[in-house]
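Please read the structure below before turning to the comments.
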Amino acid sequence: MAPGNVAATLLRLAFGVLVLVPWQCQATDHLPTDGNYDGLLPITIIHTNDFHARFEETTTSSGICKPTDQAAGRCVAGLARVFSAVKQLKQDYATKNPIYLNAGDNYQGTLWYTLLRANVTGDLLKDLPPDVMTLGNHEFDHSPSGLAPFLKQMQSVGVKTVSANLVRNMEPALEGVEIRRSVVIHRSKRPGSKPLSVGIIGVTHDITHLETLTGKVTFSNCSEAVLREAKHLHRERVKRIIVLSHCGLDIDRITAELAGRYIDVIVGGHTHSFLFPPNSTQPRDPAEVVVGDYPVEVTNSDGHKVLITQAYAFGKYVGRLTVYFDGSGRVKYWDGYPVYMSNAMPQDPATLQRLVPWRAEVDRIGSQKIGTTAILVNHANCRLGECTAGSLVADSFSAYYTNATSRPVSFIHAGNFRASIPIGDVTNGQAIAVAPFGNTVDLIQLSGEALRMCLEHSWTFDSERRFNVAQVSGIRYTLNLSNAPYQRVTAVTIVDPLDGQYKPLEATKLYSVATLSYLMQGLNGFRWMLEGTNRQIGPLDSDVLIAYISRLGEVNASNLPGGRISVSGTAA
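Structure follows, in structure tokens:
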């Protein structure tokens, strides 16, 4: 397809995907009624996605499973259950060519990753390595230098990493790390028969370099990259193609339409989509909202059918899809469903033992008391308005750079905050979990107009119709959501470092602003941060917050005042 046609197709799909890419919920299996599989190549796809460091078992809402929950049999998921299920599925489908695929986002989400990062992730996941994996956006949360050790560990046990739209741009941290556009595996219809080729193309969400710390690495369009690589594999006479995608269900549907004549199955991730046939009797958590059939069926414009799967997130399900390819390389039959990692699923004993020393290390680092809080330090409402988690962290940034003659303001985007701290003792681990991304706290000079535009941008919807509210210190601002985007902030005042009074923002005045190294790169659309000058790179954000709480001794309403953001109106 010519570039112009590709662009036209993507535009057409963006406005008509539900019409052009239909799906419906059907039965669990599509198998021959006479049981005749002669001449067909079976491939059993065992897949996980968006594990997000849930090494230990969790509650059904994927939170920390307390001893009382364990005693009551309410815990689910965890690496030991995932590995137990994968091993059992490999055994059960040994005659149907099992392959184990990982669709990315193994990083980020619990204290295990926050404290131990690639060390624990690589060490444990390589115990039962996937045959092929792709990269999620969160794999770059601590830059390519934070990703490389993990990939090298996985590479050491034979794991192939694929991402067809990743552009290295000579990123030095990835030197010696093998990331391919695709791999070709070979499987047979039955023992002793000629092996047939199956291509596996990887792809990563294409705005990853705009939202996280990818260094020099960038990503091209997901769907177009799959189309290019699928055409290449077809020229190499690879007729059966699986796409391993961390682009999300909506983009996977677009890919199925755009590249559908060349691909057969998309194994997805990123959007934590729960796919399940409503009339199935297989176990599941009834609280999960079903967003489509497992698998979603997409019939593209030339009549070729593509199957799309995803297995929710957090190690709560392991997907199993068995497909049967005919002689022309098309999927003729299939069956499968996501296997629920319920409390009834056995936990792999060896994996449980492997968790023990890592758990001790997490406890050792994370349990050190640093202070107390008399109020809930809440992150849950940070995207809706002022939140105490955001205010506390912003105050710690400002305080770090405050001296006798200077008192910088601070702002931090809401997406940075990932956990709350309940009333009571505050530990090292709790403070780190509030904002776990490991940014540095940097100081810049920024014009009043650029600062105002950052505040405006924080109150515009992102692609998921969420705000990314600027949580502030030394700033008070008022907005009316009924106004048009970028015209919502109606008043801004800034603290005067000399007398402590709040005075109107001046558009041309330069202000000292303490913020995240992440925002300094203009990510999440905060491009006005790139206008900052005289940048001073500071310590880790978690170190700054821990020191601030330790100095306060107790967080309370007196030292964490509100009234920073005033909101009226409703956004259209």
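Numbering (mature numbering (1 follows the signal peptide of the UniProt record, and there is no 0)), first residue to last: -27 to -1, 1 to 545.
A virtual CB, placed ideally from N, CA and C, is assigned to each residue, including glycine.
Fair warning: this is a prediction, and the values are worked out from it, not measured in the lab.
Could you round the C-beta distance between residue 440 and residue 356 to whole angstroms and report it? I think they count as a contact, below 8 Å.
-> Confirmed, about 5 Å.
Between the C-alpha atoms of residue 419 and residue 471, what's the straight-line distance to the nearest angstrom?
-> Residue 419 and residue 471 have their C-alpha atoms roughly 19 Å apart.
Secondary structure of residue 407, DSSP reduced to three states = Note: residue 407 maps to helix in three-state DSSP.
CA nearest to the CA of residue 100, picked from 126, 88 and 85 = For the residues 126, 88 and 85, the minimum Cα distance to residue 100 belongs to 126.
For my contact list, residue 216 and residue 199 are in at a C-beta cut-off of 8 Å; report their separation, rounded to the angstrom.
-> With a contact defined as Cβ atoms closer than 8 Å, residue 216 and residue 199 qualify at about 6 Å.
Is there a Cβ from chain D that is less than 8 Å from the Cβ of residue 285?
-> The structure shown has no chain D; it contains just one protein chain.
Exposed or buried, what is residue 283 when buried is set at 16 or more other beta-carbons lying within 10 Å of its beta-carbon?
-> Here residue 283 is buried. Its C-beta has 16 or more other C-beta atoms within 10 Å.
So residue 285 is in the alpha helix (DSSP H); what residue range does that whole segment cover?
-> Taken as a continuous stretch (DSSP letters only), residue 285 belongs to no alpha helix (DSSP H), as it is neither H nor E.
Hey, residue 176 and residue 237 are a contact pair by Cβ (cut 8 Å); roughly how many whole angstroms apart?
-> Contact check for residue 176 and residue 237: beta-carbon distance about 15 Å, past the 8 Å limit, so the pair fails to qualify.
Who are the Cβ neighbours of residue 291 in its own chain at under 8 Å, not counting the five residues just before and after it?
-> Closer than 8 Å at Cβ, skipping near neighbours: 19, 20, 21, 55, 58, 59, 62, 284, 311, 312 and 314.
Pair every Cβ in the stretch 401 to 413 with every Cβ in the stretch 64 to 78, then say whether three or more of these pairs are closer than 8 Å.
-> In this structure the stretch 401 to 413 does not lie against the stretch 64 to 78, because fewer than three pairs of beta carbons, one per stretch, are closer than 8 Å.
Decide yes or no for the touch test of the stretch 141 to 149 against the stretch 103 to 115: beta carbon pairs closer than 8 Å, at least 3 of them.
-> By the criterion of at least three beta-carbon pairs nearer than 8 Å, the stretch 141 to 149 is not in contact with the stretch 103 to 115.
Excluding the five sequence neighbours on either side, which residues of its own chain have a C-beta within less than 6 Å of the C-beta of residue 321, listed in chain order?
-> Within the same chain, residue 321 has close Cβ partners 53, 56 and 57.
Might you give, ordered along the chain, the residues of its own chain that have their beta carbon closer than 8 Å to the beta carbon of residue 578, omitting 5 neighbours on each side?
-> Only positions -27 to 545 of the chain appear in the structure, and residue 578 is not among them; the question remains open.
With distances taken between CB atoms, is the gap from residue 407 to residue 518 smaller than 8 Å?
-> A contact, by the Cβ cut-off of 8 Å.
Which runs of the alpha helix (DSSP H), 4 residues or longer, sit entirely within the stretch 316 to 370?
-> Taking 4 residues as the shortest admissible run, the stretch 316 to 370 contains the following complete alpha helix (DSSP H) segments, listed from N- to C-terminal end: 322 to 339.
What separation, rounded to the nearest whole angstrom, lies between the Cα atoms of residue 366 and residue 294?
-> Answer to the nearest angstrom: the Cα atoms are 45 Å apart.
In the stretch 424 to 503, which residue ranges form an unbroken alpha helix (DSSP H) of at least 4 residues, counting only runs that do not cross its ends?
-> Counting only runs of 4 or more, we get 490 to 493.
Measuring CA to CA, which of 336, 211, 389 and 393 is closest to residue 346?
-> Comparing Cα-Cα distances from residue 346 to each of 336, 211, 389 and 393, the minimum goes to 393.
Supposed contact pair residue 413 and residue 348 - C-beta distance, whole angstroms, cut 8 Å = Cβ-Cβ separation between residue 348 and residue 413: approximately 28 Å, too far for a contact (criterion under 8 Å).
Residue 297 versus 251, 265 and 68, residue with shortest Cα-Cα distance = Per the Cα distances, 68.
Could you spell out the range, first to last residue, of the alpha helix (DSSP H) harbouring residue 390?
-> No alpha helix (DSSP H) contains residue 390, which DSSP labels as neither H nor E.
Less than 8 Å separating the beta-carbons of residue 447 and residue 383?
-> Yes, they are a contact pair.
Indicate the three-state DSSP secondary structure (helix, strand or coil) for residue 304 in the structure shown.
-> Strand, per DSSP.
Looking at residue 475 and residue 449, is the spacing between their C-beta atoms short of 8 Å?
-> Cβ atoms of residue 449 and residue 475: closer than 8 Å.
Exposed or buried, what is residue 194 when buried is set at 16 or more other beta-carbons lying within 10 Å of its beta-carbon?
-> In summary, residue 194 is buried, with 16 or more beta-carbon neighbours lying within 10 Å of its beta-carbon over all protein chains present.
Residues of its chain near residue 137, where Cβ-Cβ distance is below 8 Å and the 5 sequence neighbours each way are ignored = Closer than 8 Å at Cβ, skipping near neighbours: 154, 155, 174, 175, 176, 198, 199, 201 and 202.
Helix, strand or coil: how does DSSP classify residue 374 here?
-> In the displayed model, residue 374 falls within a helix according to three-state DSSP.
DSSP three-state call for residue 96: helix, strand or coil?
-> Residue state, collapsed to three classes: helix.
For residue 155: DSSP bridge partner residues | Paired residue(s): 174.
For residue 116, the first and last residue of its enclosing alpha helix (DSSP H) | 116 to 129 is the span of the alpha helix (DSSP H), which, as asked, contains residue 116.
Would you decide whether residue 235 is buried or exposed? Buried here means 16 or more other CB atoms lie within 10 Å of its CB.
-> So residue 235 ends up on the buried side.
Might you give, ordered along the chain, the residues of its own chain that have their beta carbon closer than 7 Å to the beta carbon of residue 341, omitting 5 neighbours on each side?
-> Contacts found: 400 and 401.
Just the C-alpha distance for residue 31 and residue 48, rounded to the nearest angstrom, thanks.
-> The alpha-carbon separation between residue 31 and residue 48 amounts to approximately 5 Å.
When you compare each of 167, 527, 521 and 2 to residue 255 by their alpha carbons, which one comes out closest?
-> Measuring from the Cα of residue 255, the nearest candidate turns out to be 2.
So, helix, strand or coil for residue 61, using DSSP?
-> DSSP places residue 61 in helix when its eight states are reduced to three.
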